[in-house]
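J.: Dropping a structure here in structure tokens format, bear with me for questions.
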Amino acid sequence: MAKETQKFQAEVKELLGLMIHSLYSHRDVFLRELISNSSDALDKLRFEEASNANWDLSKEERHVRLEADPENKTLTIKDNGIGMTKDEIVNNIGTIARSGTKEFLKKALEGNTQPDLIGQFGVGFYSSFMVADKVTVHTQKAGTTDGVVWESAGDGEFSLEDKVRSESHGTTITLHLKEFPEDTEQQDFTAEWTLRSIVKKYSDFIEYPIKMLVSREEPELDKDDKPIEGQTKKVEEDAVLNSMKALWLKKSADIKEEEYQEFYKHLTSDWSNPLETIHYKAEGTQEFSSLMYIPSQAPFDYNYRDSKVGLSLYVKRVFIAADCDDLIPVYMRFMKGIVDSNDLPLNVSREILQKDRQIVSIRKAIVSKILKTLSNMLNKDREKYESFWKVFGATFKEGIPSDISNKDKVTDLCLFSTSASDKLTTLKEYVARMKPEQKAIYYITGETITQLADSPYLEKLRKKGYEVIYLTDHVDEWVMQSLPKYDEKEVVSITAENLELDTEEEKEKAKEELKSKEEKYKSLTDVILKSLEENIKEVKVSDRLVDSPVCLVSGSGDQSAHMERMMEAMGQAIPKSKRILEINPDHKVFEIMAGKSDDQQKVWAEILYNQALLNEGSQIENPTKFGQQIAQLMVDANL
Ligand code: ADP
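In structure tokens:
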């Protein structure tokens, strides 16, 4: 086949543009990314060979090789891994498939946060364009006899040409290195010493040898093998640049912080350091090692369905599968890392994993280790814990409803915003601050903290000095439904009907007063109910409010307004439950209203109802009409 040219998908073209003009200062990470890809390709080959053994492949040792050519300014990274077919290389390198990537890229391009973007973004192969102005990939898939040469200068297109690879399966990537005249500190990526130190820094733990031909001077020998003085010769020999030790099997005392960090970066696409490292060896009934990380930021595609979750599974150092979500519960899906089991059979398949008893017990041990680590962090380094919480708290709290056996531990690890201060608090701390006569733990759900802090529902609690928890995450309604009690105290929504804040004594007194107020406004509340009966099931005189005239509450057993709004936003039509309108009989508006005509009372009722909707964060049906009614009130006030 003659050479053919194809265009990159628009997103890839933009991504390459970012790479080429990147201001990222650590350009040397391109080598880490390419070596990582080679290591993955070698893993895949080993796995395929184990499960699919009818390939007749050379028994040559699996390795990665670097070849530097200072004269032609090229650097070559070669592996004898699984390789790619023509279709695979076009799809893997010419297109971006994951749904989150495109949107993230668009945002990044608009926001112009280039150096940062590169750090967060799984760009892998594309990072070669930070150092090369032309990249050639010669690859051949294991088990096939057709190789292909892919080449691009990072402009809008790439070329493809069929060509058998003399070394058969594997991939050779040749970088035609750029010169950076403006950058005096530019490293020479063809120098042996530079390559050695980059490999040491980023890829030391790669379990395949990273080889390079190095040359050294040796004394010339005479016939009797004695050195001839003043005469040397150049000897070329293969050097292995990495120590190839599986990091997780080393003792943690022997591992430097940077080694842990580089392993994290090899595993994830994240270029920033993890927040916390958990290195754990389990002995006894289950023998496994695990090296796990809590990232410091959420991956850009964290909330997308196709984002990768789970830990990588190894059996006796042999890579089995990436992203095993059976190893970690959904509420810990932010965790990254590996598990290496000594007990599982090497030929485990994904289907077996799901049911495997040993996996279940590994998972249990891992969960308890993570909970312990988080608890230590909370108690010893609150600042760090809060930074974890801000990024992953909304995910982690799903453990309250979903992990029954650890529910108490998860609950104790949850942080909340409250009406007491700007600081986040645990429930334990909340309880310690409760007033002696305070009966329950109070919370309110809504969209934003600002909106909740101004909510009329808080008025009476504030007057009594009771702290209220503000909940603004999507999962909160679901989470709170499974937390009816904490430390023997009821956990109560302050927007529910029959919120009892008073002591028995106060209640007795209030009951009498309320009764007389109810009687006083009986005919008025009848009119209000009649004019709002499409939306309201009851109008109740209550002492919940202090400054506001009205609020809406849900009857016990009904969905809260916040929940209804959320379900609606998710496209789930649920029958709306009619609400209860509570009125504050001490508000002057009702005294005035009682003296108005029926027709006027109806208009006022409508205005008050709409106010109550706005207060709880709901939309009103007819804002124009509402505005006109208010304007009319203003006019009337001046007649
Ligand atoms: P990532 O490694 O994060 O998937 P890359 O852009 O680095 O992203 O690579 C895209 C894909 O191209 C890889 O997932 C892999 O399938 C393929 N690939 C890259 N390098 C190699 C290689 N050396 N050998 C075989 N396949 C490779």
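For what it's worth, numbering that gives the first Met the number 0 labels the leading residue of the sequence shown as 0, then goes sequentially.
Where a beta carbon is used, it is the ideal one built from N, C-alpha and C, also for glycine.
Can you tell me the Cα-Cα spacing of S158 and A152, whole angstroms?
T.: Here the alpha carbons of A152 and S158 stand approximately 10 Å from one another.
J.: In angstroms with no decimal places, state the Cα-to-Cα distance between L638 and M592.
T.: 17 Å
J.: So which of Q285, L74, D203, V338 has the shortest CA-CA distance to I172?
T.: L74
J.: Contact check, L612 vs L551 under 8 Å by CB: the rounded distance?
T.: 7 Å
J.: Comparing alpha-carbon positions, which option in T94, D253, E286 lies nearest V314?
T.: E286
J.: Are I298 and L274 close, meaning C-beta to C-beta below 8 Å?
T.: Rather than Ile, the amino acid found at residue 298 in this sequence is Pro. Result no, Cβ atoms of P298 and L274 do not sit closer than 8 Å.
J.: Identify the residues that DSSP records as bridge partners of M211: which are they?
T.: Note: M211 sits in a beta bridge opposite L65, A238.
J.: Measure how close the beta-carbons of V213 and E228 come, nearest whole angstrom, since I'm counting them as under 8 Å.
T.: About 25 Å; that fails the 8 Å criterion.
J.: By the three-class DSSP mapping on this structure, what secondary structure does M18 have?
T.: helix
J.: Nearest-angstrom Cα distance between V134 and N53?
T.: 33 Å
J.: Leaving out the 5 sequence neighbours to the left and right, which residues in its chain are closer than 8 Å to D55 when beta-carbon positions are compared?
T.: Around D55: no qualifying Cβ.
J.: Taking the alpha carbon of P208 as the point to measure from, which residue in S522, K77, H265 has its own alpha carbon closest?
T.: The option with the nearest alpha carbon to P208 is K77.
J.: Does DSSP classify P114 as helix, strand or coil?
T.: Unreliable placement is indicated for P114, whose pLDDT of 49 sits below 50; the coordinate value is still reported in the next sentence. If DSSP states are grouped into helix, strand and coil, P114 belongs with the helices.
J.: Could you please give the first and the last residue of the uninterrupted beta strand (DSSP E) stretch that includes M376?
T.: Here M376 belongs to no beta strand (DSSP E); instead the alpha helix (DSSP H) covers 356-379.
J.: Looking at F262 and L248, is the spacing between their C-beta atoms short of 8 Å?
T.: no
J.: For the 8 Å Cβ check, are there 3 or more pairs between the stretch 214-225 and the stretch 194-204?
T.: no
J.: Any C-beta of chain C sitting closer than 8 Å to the C-beta of K434?
T.: Of the protein chains in the structure, only one exists, and it is not chain C.
J.: With DSSP as the reference, label L423 as helix, strand or coil.
T.: coil
J.: Pick helix, strand or coil for M569, following the three-state DSSP scheme.
T.: It is coil, neither helix nor strand.
J.: Have a look at S617 and E537 and give me their C-alpha separation to the nearest angstrom.
T.: 19 Å
J.: Measure how close the beta-carbons of L290 and H278 come, nearest whole angstrom, since I'm counting them as under 8 Å.
T.: 5 Å
J.: Could you tell me which of A636, E605, N614, V634 sits nearest to N621, measuring between CA atoms?
T.: E605
J.: Label I92 either buried or exposed according to how many other C-beta atoms from any shown protein chain fall within 10 Å of its C-beta, with 16 as the threshold for buried.
T.: With 16 or more other Cβ atoms within 10 Å, it is buried.
J.: Rounded to whole angstroms, how far is the Cβ of K516 from the Cβ of V540, which I believe are closer than 8 Å?
T.: Approximately 5 Å separates the beta-carbon atoms of K516 and V540; this is inside 8 Å, confirming the contact.
J.: In the stretch 505-591, which residue ranges form an unbroken beta strand (DSSP E) of at least 3 residues, counting only runs that do not cross its ends?
T.: 535-540, 549-552, 578-582
J.: Tell me whether T284, by its Cβ, gets closer than 7 Å to a heavy atom of the ligand ADP.
T.: no
J.: Taking 7 Å as the cut-off, is the beta-carbon of I403 closer than that to any non-hydrogen atom of the ligand ADP?
T.: The ligand ADP has no heavy atom closer than 7 Å to the beta-carbon of I403.
J.: Looking at the ligand ADP, does it come within less than 7 Å of M129, judged from the CB to the closest heavy atom?
T.: no
J.: Going residue by residue through the stretch 426-492, where are the continuous alpha helix (DSSP H) segments of at least 4 residues, counting only ones entirely within it?
T.: 426-432, 448-452, 458-463, 475-480
J.: Tell me which residues share the same chain as V163 and place their Cβ nearer than 8 Å to its Cβ, disregarding the 5 neighbours each side in the sequence.
T.: Q139, T144, D145, G146
J.: Quick one: using the 10 Å Cβ neighbour count with 16 as the cut-off for buried, is H168 buried or exposed?
T.: buried
J.: Can you confirm whether the stretch 412-428 touches the stretch 465-476 when touching is taken to mean that 3 or more C-beta pairs between the two stretches lie within less than 8 Å?
T.: Yes, the stretch 465-476 is in contact with the stretch 412-428.
J.: Could you check whether the Cβ of S151 sits closer than 7 Å to any heavy atom belonging to the ligand ADP?
T.: no
J.: Rounded C-beta distance between V130 and R26? I'm assuming under 8 Å.
T.: At roughly 5 Å, the Cβ-Cβ gap stays under 8 Å, so V130 and R26 are in contact.
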